[in-house]
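There are 2 protein chains.
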Amino acid sequence: MFRSFMDQALLEARAAAARGEVPVGAVIVAPSGEVVARAGNRTRELCDPTAHAEVLAIREACRKAGSERLVGHDLYVTLEPCPICAGTISAARIRRLYYGAADVKSGGVAQGARVFSHPQCHHAPEIYDGLAAAEAEALLKGFFAARRDG
Amino acid sequence: MFRSFMDQALLEARAAAARGEVPVGAVIVAPSGEVVARAGNRTRELCDPTAHAEVLAIREACRKAGSERLVGHDLYVTLEPCPICAGTISAARIRRLYYGAADVKSGGVAQGARVFSHPQCHHAPEIYDGLAAAEAEALLKGFFAARRDG
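Keeping their order, the protein sequence lines are chains A and B. Using the UniProt record's numbering, the first residue of the first sequence is number 1, and each one after it goes up by one. Using the UniProt record's numbering, the first residue of the second sequence is number 1, and each one after it goes up by one.
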């Protein structure tokens, strides 16, 4: 089950790479178990520095829910969220955060800003990391290697 | 000059309050000195937890610039940015950040996540705080007091 949701997030990450975007994908699952939103990075295409997979998926799910909060919803994402995304996950009241690869360079959950680890963070999700991390990392490494060689 | 830009941000904050949104306003100034975007909070209206004044203004300026980066641009905002907004300011490569009131409860610049103060933050703006702080704070206090009494 968890694996199936992360597989869908990996599909979104691959689609992002095919569009020339950093390959990160995200999926949102409602309390019913239904996938209500999925997205990959589109920062270049949309000229929007906030168009990360997590933010796009949360925006879509919120639009559908008619609410700025997604109580009881879970987020699956292939890479450790950055501070923008971690802040958005908190503001949207996401219940559980499942992520794949650690992001030593830009992460904001287990390193750096550690957005969920301060009293100024009003909601922290339950966090499960390392899901399908090897695949998520291979996708990112392949993408950046191809750009260096290209 | 600085004061005039912050006055425009305060106008946006007042307009947000009139819409029933938390009164925070932001303005973006291009290297030419021209105001290229202005916005107030619209999280409720748009059902979007990222629709903070800073994020909306940066997205608008990016759309106009046709780029996900706003090199040389300055941001004026009435309240200390939260982690979502600080991360967006960094990603957009904003040159200077001018802000009004400190946000002890949800701020992510001078407290809490301190987004700009980690090696995982790839760009930190020059920061000038406390501009028109009393007015920005009075707006917020008035808004929340009216909601408590209403």
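Each residue gets a CB set at the ideal place from its N, CA and C atoms; glycine is no exception.
Through-space distance from residue j to residue i, alpha-carbon basis
i, j, result
"residue 47(A)", "residue 55(A)", "14 Å"
"residue 19(A)", "residue 77(A)", "18 Å"
"residue 149(B)", "residue 13(A)", "48 Å"
"residue 23(A)", "residue 138(B)", "44 Å"
"residue 62(B)", "residue 26(B)", "14 Å"
"residue 59(A)", "residue 81(A)", "15 Å"
"residue 8(A)", "residue 88(B)", "26 Å"
"residue 33(A)", "residue 5(A)", "10 Å"
"residue 15(A)", "residue 66(B)", "23 Å"
"residue 118(A)", "residue 35(A)", "30 Å"
"residue 74(A)", "residue 120(A)", "22 Å"
"residue 146(A)", "residue 136(A)", "16 Å"
"residue 113(A)", "residue 140(B)", "26 Å"
6 Å CB neighbourhood of residue i in its chain, flanking five on each side removed
i, result
"residue 124(B)", "116"
"residue 109(B)", "80, 81, 86"
"residue 107(B)", "80"
"residue 129(A)", "99"
"residue 37(B)", "28, 57, 60, 61"
"residue 31(B)", "72"
"residue 17(A)", "23, 143"
7 Å Cβ shell around residue i - same chain, five flanking residues per side excluded
i, result
"residue 84(A)", "50, 52, 55"
"residue 104(B)", "111"
"residue 69(B)", "92, 93"
"residue 122(B)", "90"
"residue 11(A)", "25"
Simplified DSSP state of residue i, which is helix, strand or coil
i, result
"residue 129(A)", "strand"
"residue 142(A)", "helix"
"residue 134(B)", "helix"
"residue 148(A)", "helix"
Own chain, CB closer than 8 Å to residue i, minus 5 neighbours either side, in chain order
i, result
"residue 133(A)", "100, 101, 102"
"residue 3(B)", "131, 132"
"residue 126(B)", "95, 96, 97"
"residue 21(A)", "40, 41, 42, 43, 44, 45"
"residue 64(B)", "36, 37"
Near the ligand HEM: residue i beta-carbon under 7 Å from a heavy atom
i, result
"residue 4(B)", "For the structure depicted, the ligand HEM is absent and the ligand set is empty, with no information on it obtainable."
TODO: Identify each residue in the region 85-102 of chain A for which the Cβ-Cβ distance to at least one residue of chain B is less than 7 Å, and report them in chain order.
DONE: Residues passing the 7 Å Cβ filter: 86, 87, 88, 91, 92.
Task: Segments of 3+ residues assigned as beta strand (DSSP E) that fall wholly inside the UniProt domain "CMP/dCMP-type deaminase" (1-110) of chain B - done: Counting only runs that start and end inside the UniProt domain "CMP/dCMP-type deaminase" (1-110) of chain B, the beta strand (DSSP E) elements of at least 3 residues fall at 25-29, 35-40, 74-79, 96-101.
Open item on the list: Beta carbons nearer than 7 Å to chain A: which residues of the region 23-50 of chain B have them?
Closed with: With the criterion set as a beta carbon lying under 7 Å from some beta carbon of chain A, the members of the region 23-50 of chain B are 43, 44, 47, 48, 49, 50, in sequence order.
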